[in-house]
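Numbering of the sequence shown is given in the working numbering, commencing with residue 4 and proceeding in unit increments. Contents: one structure, followed by commentary.
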Amino acid sequence: MQETLVVLGGGAAGMSAASRARRLRPDLRVVVIEATKMVSHAPCGIPYFVEGLFDDENLFMTYTPSFFERERKIEMIMNTSAKEVNLDSRTVRLDSGKILEYDWLVISLGAIPKTPQNVNTDRVFYVHHPAHALELRKQLWSLNKIAIIGGGILGVEMAEALSSVGKKTILIHRGKYVLNKMFDEDLGNVATELIKKNVELHLNEETEEIGNGYVKTDKGKYQVDGVVLALGVLPNVAMFKGKLEIGETGALKTNSTMETSMKGVYAAGDIAETTHVVSGKPVWMPFAPVANKMGFVAGSNIGGKATIFPGTVGNMITKYGDMYMGKVGLSEIEAKQAGYNPVSATIKAKTRARYYPGAKDIYVKLIADEKSKKILGGQIIGGEEVLGRLDVISLALMKGTNIEEMFFAEMGYLPAISQVWDPITVAARQLLKA
């Protein structure tokens with residue numbers, strides 16, 4: 004009898020799992036259940052869509068549902084939700100009433116937006132799923148003055164998007180600087196100064212009430228036409244509470260194969276907990292590259308090819324205007340929480356040789372453990388060549404690199420894109436003195 008894999012959720016993790024299992028086991032029946040009209044989609048692109056950088060909403064999808072059906076022989080059940088999963092009988096009941104039996108299950112239902120209390124208006128908008136991006140853009144473009152609640156990655160990206168299309172933008176954040184979950188205070192202040200240039204920024208303010216035409220905080224009341232809520236997300240685990248083990252991060256607990264507490268049931272993507280490579284502690288990292296690889300690992304193991312997910316180092320990046328801002332590994336605060344005694348070096352440099360035109364500022368912060376000298380993390384803000392440097396640090400973290408090894412790592416040199424002493428090398432040299 005043919006075995007069946009059912010995948011709940013057709014995002015990055017779900018389609019990676021389905022595609023990998025199908026490749027390894029052509030005999031397997033693979034069924035994907037997706038609540039919207041889109042699969043293999045890119046929520047990270049929503050701010051750029053709102054900004055008007057592209058207009059075709061189909062570009063949110065790497066591949067269409069028909070591609071997966073035609074080319075990969077994966078059954079796609081679209082615009083349908085799973086209403087109940089019976090882990091004992093290994094069945095999924097759809098909102099249509101249909102019952103699917105499975106031998107293998109991958110849960111990739113993603114995350115849901117955090118919702119605040121005391122919202123008394125319908126002019127509140129969430130930036131969450133590409134399937135709703137067109138309507139979101141229409142509504143936001145019809146407004147003049149918009150408040151964004153939350154100064155994390157999404158809040159910053161939406162501030163840029165809305166100010167770029169001429170909207171008066173207010174960003175309200177309860178932290179003392181923006182991107183405070185990404186940066187320590189020194190680089191956080193650099194990011195804050197960038198955003199202040201064309202966004203009305205209110206820091207250290209707690210939102211108390213959102214009503215028709217206003218936002219009230221503990222420090223003031225602001226008249227606005229609408230509000231974008233960017234307070235972060237939570238793993239979408241409600242259907243499995245009391246059925247599967249929930250990790251300390253609030254996401255589904257998984258082992259290194261992405262299997263949950265029940266044999267044959269896997270979780271991947273924004274619903275799944277994993278381990279931080281540097282701290283060794285459970286972590287929840289809702290980012291697309293992590294989700295794709297989790298899905299690949301789940302699909303590989305279901306397909307019979309033993310594969311381990313090594314964990315994450317938390318490589319994240321965003322931009323504002325012409326400046327790119329990113330972090331990988333642990334911040335100083337996180338390093339202390341993990342039991343390390345961190346030392347750090349923060350340097351400011353240029354991205355090109357002094358004689359080559361067009362050089363931009365770049366800030367690099369390296370964090371290491373004082374005792375072991377192991378690199379723990381890095382933070383970078385710069386006008387160019389930021390992502391590549393973050394990736395260098397990312398690999399160093401995966402390999403347990405120490406300060407001296409980081410200093411002697413051979414970095415390429417071209418006057419048009421770098422200096423002979425790379426900023427990472429300079430920061431490592433500063434740490435050698437510590």
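Cβ coordinates follow ideal geometry from the N, Cα and C atoms, glycine included. Every value quoted in this text rests on a predicted model; they were computed, and no experiment measured them.
| Item | Value |
| --- | --- |
| Can you name the start and end residues of the beta strand (DSSP E) that ALA16 belongs to? | No beta strand (DSSP E) contains ALA16, which is instead part of the alpha helix (DSSP H) from 15-27. |
| Name the DSSP beta bridge partners of ILE110, please? | LEU11 and ALA270 |
| Under 8 Å by Cβ, that's how I've got VAL130 and VAL231 pegged, so tell me the actual separation to the nearest angstrom. | 6 Å |
| Determine the burial state of LEU417: buried for a count of at least 16 other Cβ atoms within 10 Å of its Cβ, exposed for fewer. | exposed |
| Starting from the Cα of ALA271, find the closest Cα among SER19, LEU146 and GLU160 and give me that residue. | SER19 |
| Identify the residues that DSSP records as bridge partners of PRO116: which are they? | VAL236 |
| Applying the criterion that 16 or more other CB atoms from any shown protein chain within 10 Å of the CB defines a buried residue, is LYS368 buried or exposed? | buried |
| Can you tell me whether GLY380 is buried or exposed? The criterion is at least 16 other CB atoms within 10 Å of its CB, across all chains shown. | buried |
| In the DSSP assignment, find the beta strand (DSSP E) that holds PRO133 and state where it starts and stops. | No beta strand (DSSP E) contains PRO133, which DSSP labels as neither H nor E. |
| Assign LYS424 to one of two classes, buried (16 or more other C-beta atoms within 10 Å of its C-beta) or exposed (fewer than that). | Note that residue 424 is Trp in the sequence shown, not Lys. The residue is exposed, with fewer than 16 neighbouring Cβ atoms inside 10 Å. |
| Using C-beta distances below 7 Å, list every residue in its chain close to TYR343, excluding the 5 sequence neighbours before and after it, in chain order. | ASP372 and LEU379 |
| Between the segment 254-271 and the segment 295-309, can you find at least three pairs of beta-carbon atoms closer than 8 Å? | yes |
| Quick one: measure Cβ to Cβ for ILE149 and THR172, integer angstroms, because I've assumed they're closer than 8 Å. | 6 Å |
| Exposed or buried, which one is LYS170 when buried takes at least 16 other CB atoms within 10 Å? | buried |
| Look at the alpha carbon of PHE57 and the alpha carbon of THR65, and state the distance between them as a whole number of angstroms. | 15 Å |
| Roughly how many whole angstroms lie between the Cα atoms of ALA194 and SER421? | 22 Å |
| Give the secondary structure of VAL122 by DSSP, where H, G and I count as helix, E and B as strand, and everything else as coil. | strand |
| Skipping 5 residues on each side, what residues in its chain have a beta carbon closer than 7 Å to that of ALA24? | LEU8, LEU31, VAL33, GLY302, ILE305 and GLY306 |
| Taking the CB atoms as reference points, tell me whether LEU400 and VAL346 lie closer together than 9 Å. | no |
| Rounded to a whole number of angstroms, what is the C-alpha to C-alpha distance between VAL88 and LEU112? | 13 Å |
| Where are the beta strand (DSSP E) runs, 3 residues long or more, that stay fully inside the segment 287-357, in chain order? | 319-323, 326-332 and 345-353 |
| Just the Cα atoms here: how many angstroms apart are THR220 and PHE290? | 30 Å |
| Enumerate in chain order the residues of its own chain whose CB-to-CB distance from ILE115 is below 7 Å, with the five nearest sequence positions on each side excluded. | VAL236, LEU237 and ASN239 |
| Rounded to a whole number of angstroms, what is the C-alpha to C-alpha distance between ALA338 and ILE370? | 9 Å |
| Extract the residue ranges of the beta strand (DSSP E) inside the segment 58-106, only unbroken runs of 3 or more that lie entirely within it. | 78-80, 85-89, 94-97 and 102-104 |
| To the nearest angstrom, how far is the alpha carbon of VAL127 from that of GLY229? | 6 Å |
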